[in-house]
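The structure appears below as structure tokens.
Numbering (UniProt numbering), first residue to last: 1 to 93.
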């Protein structure tokens with residue numbers, strides 16, 4: 001256990017103080033609230049063949065297309081609700 005510092009350790013310790021100084025000079029960024037989905041209105045494929053959901057947001061009039069992969073990860077209950085409401089399963093099979 002030597003008391004000698006390596007070059008990378010001394011560089012990191014000095015750069016940490018300069019980074020602290022830089023953060024004091026930056027302007028804080030306002031955090032944008034996350035959109036909350038109200039309903040999936042429809043689904044379509046984009047030009048590259050990826051499934052897109054047309055989503056309505058709570059408190060926002062404007063709807064937008066969201067990639068299905070993203071919607072499946074962020075709002076799985078909303079996606080399942082869309083599929084349950086949209087598809088009719090053949091009960092005779």
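Ideal placement from N, C-alpha and C gives every residue a C-beta, glycine not left out.
DSSP beta-bridge partners of residue i
i: residue 44; result: 52
i: residue 65; result: 54
i: residue 39; result: 56
Rounded Cβ spacing between residue i and residue j (contact assumed at less than 8 Å)
i: residue 38; j: residue 62; result: The pair is not a contact, with the Cβ atoms about 12 Å apart (cut-off 8 Å).
Where residue i falls, given that 16 or more other Cβ within 10 Å makes a residue buried
i: residue 40; result: buried
i: residue 18; result: Any reading at residue 18 must be qualified, since the residue scores a pLDDT of 48, below 50, and its modelled position is unreliable; the value itself is stated next. Flag for residue 18 reads exposed.
i: residue 31; result: exposed
i: residue 75; result: buried
i: residue 34; result: exposed
i: residue 45; result: exposed
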